[in-house]
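**Q** First residue of the sequence shown? That's -2 in this note's numbering, and the numbers climb one at a time after it. Beta carbons: idealized from backbone N, C-alpha and C, even for Gly.
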Amino acid sequence: MSAPPSRSSGVRAFDALASPALTNLIAVIGIVTPVAAWATSQPDIKNLLIIAEALIVLVLLAGLLWLRSGYITLRRANNLKAMDDPRYYDLVRAHVESELISEYSEIADGHMRVYASEVPRLSVTLVKTLIESQSEPQKILAADLTTDPTLLTRRREYLAANRQMIEAGGTINRLFIAYRDDLAREAYARDLLALIGSHRQLGVTCGLAVREHLRPEQAVDFIVFAAAAVLVEEEQGDADYTRGRSSVYFKDSARWTQRFESAWGHGADSAPMALQTYELLARPMLEGGTWDTDRVKQAVEGL
């Protein structure tokens, strides 16, 4: 382990002056000094005490300026109890602040925005923090606008975090939302089913929805973490995540859970059943080299 960088004597001196114990002592002296000056009847002593009081004020001012120049002051949460899961929110806030990847005023209000390469990194943090916090339920609900099935297979750190989540006893439901015409394309179907197979190996429960069959508020790329937070992807990233924009909300995540469940469905009309129907038709065609676009389109209309 390398040694920590050496600090100048001036920095060490200012750090000592800015220590809470010394600051409190100086403050007490600052209170006692004017009282003593008022109580004494000797002019010389009174003048010395007034000068000492002025010096104390200067020292406190210098300490305040040093603290403001040497440290970043972050806002605390305006109302911690307003968060759906205060403990989970506080752990994520601590991670984010330590890595300096968000606007401090936003995270203090329970909302943060991230851009480009920060998005997949934050996604990993949110999953790992869910495991660490043991927030209930230990469940992730993910709706994925799957325009390019190969993109998600490249996000190895995120997939590894998903595996850790499931191995720790959690569950993940992932809804793949695809355009009707994409589902009818052979190349797309091959990539999509390969992606679904890799997720099933992790232990993820997968479902399928046709984008044209969803309401606009359902066809959104988002991930709900327990009952604690939701990550909404506002601009989808590319393969290397040189672009992309997402927001995390630590309030009102129940609204997004309801949105996911309405798209996921139940029973014979559920997303897992729609995926099963699509697979039963598409896989034999892919394996046998007998892809029939018109037949697949007709089946997709009924999903």
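#1: Could you check where the alpha helix (DSSP H) with Ala251 kicks off and where it finishes?
#2: Inspect the beta-carbon positions of Leu228 and Val245 and report whether they are closer than 7 Å.
#3: Going by beta carbon distance, what residues of the same chain come within less than 6 Å of Leu138, once the five residues before and after it are set aside?
#4: Below 8 Å, how does it come out for the stretch 180 to 189 and the stretch 281 to 297: are there three or more Cβ pairs, yes or no?
#5: Return helix, strand or coil for Glu231, following the three-state DSSP convention.
#6: Does Val297 have its Cβ less than 7 Å from a Cβ in chain C?
#7: Residues in the same chain with beta-carbon distance under 8 Å from Tyr185, minus the five sequence neighbours each way, listed in chain order, please.
#8: Inspect the beta-carbon positions of Leu119 and Val111 and report whether they are closer than 7 Å.
#9: Just to check my reading of the structure: Val293 and Ala271 have Cβ atoms closer than 8 Å, yes? What is that Cβ distance to the nearest angstrom?
#10: Run the CB neighbour count on Asn75, radius 10 Å, all protein chains shown included, and call it buried at 16 or more, exposed below.
#11: Checking the sheet assignment: what are the DSSP bridge partners for Asp141?
#12: Going straight from the alpha carbon of Ser243 to that of Ala265, what length do you get?
#13: When DSSP labels each residue in this structure, what does Gly326 get in the three-state scheme?
#14: Between the Cα of Lys136 and those of Gly200, Gly107, Arg90, Met80, spot the shortest distance and give me the residue it belongs to.
#15: Just grab the DSSP bridge partners of Val221 for me.
#16: Do Ala157 and Gly241 have their beta-carbon atoms positioned less than 7 Å apart in this structure?
#17: Which value, in whole angstroms, describes the spacing of the CA atoms of Glu209 and Arg153?
#18: Compare the C-alpha of Ala226 against each of Glu133, Ala216, Gln215 and name the closest.
#19: According to DSSP, simplified to helix, strand and coil, what is Arg151?
#20: What distance in whole Å lies between the Cβ atoms of Arg187 and Leu283, which are believed to be in contact at a cut-off of 8 Å?
#21: In terms of alpha-carbon separation, which member of Val116, Val93, Arg160, Leu211 lies closest to Arg177?
#22: Is Pro213 buried or exposed, if buried means 16 or more other CB atoms sit within 10 Å of its CB?
**A** According to the structure data:
#1: Note, Ala251: alpha helix (DSSP H), 250 to 261.
#2: Less than 7 Å separates the beta-carbon of Leu228 from that of Val245.
#3: Asn170, Val221, Phe257
#4: yes
#5: strand
#6: The structure shown contains no chain C, having only a single protein chain.
#7: Pro146, Ala175, Asp179
#8: yes
#9: Approximately 13 Å separates the beta-carbon atoms of Val293 and Ala271; this is outside 8 Å, ruling out the contact.
#10: It is exposed - the Cβ of Asn75 has fewer than 16 other Cβ atoms within 10 Å.
#11: Beta-bridge partners assigned by DSSP to Asp141: Phe173.
#12: 33 Å
#13: Residue 326 is absent from the structure shown; the chain starts at -2 and stops at 300.
#14: Gly200
#15: Leu138, Val227
#16: no
#17: 30 Å
#18: Glu133
#19: coil
#20: Between Arg187 and Leu283 the Cβ distance is about 6 Å, and since that is below 8 Å, they are a contact.
#21: Distances from the alpha-carbon of Arg177 to those of Val116, Val93, Arg160, Leu211 put Leu211 closest.
#22: exposed
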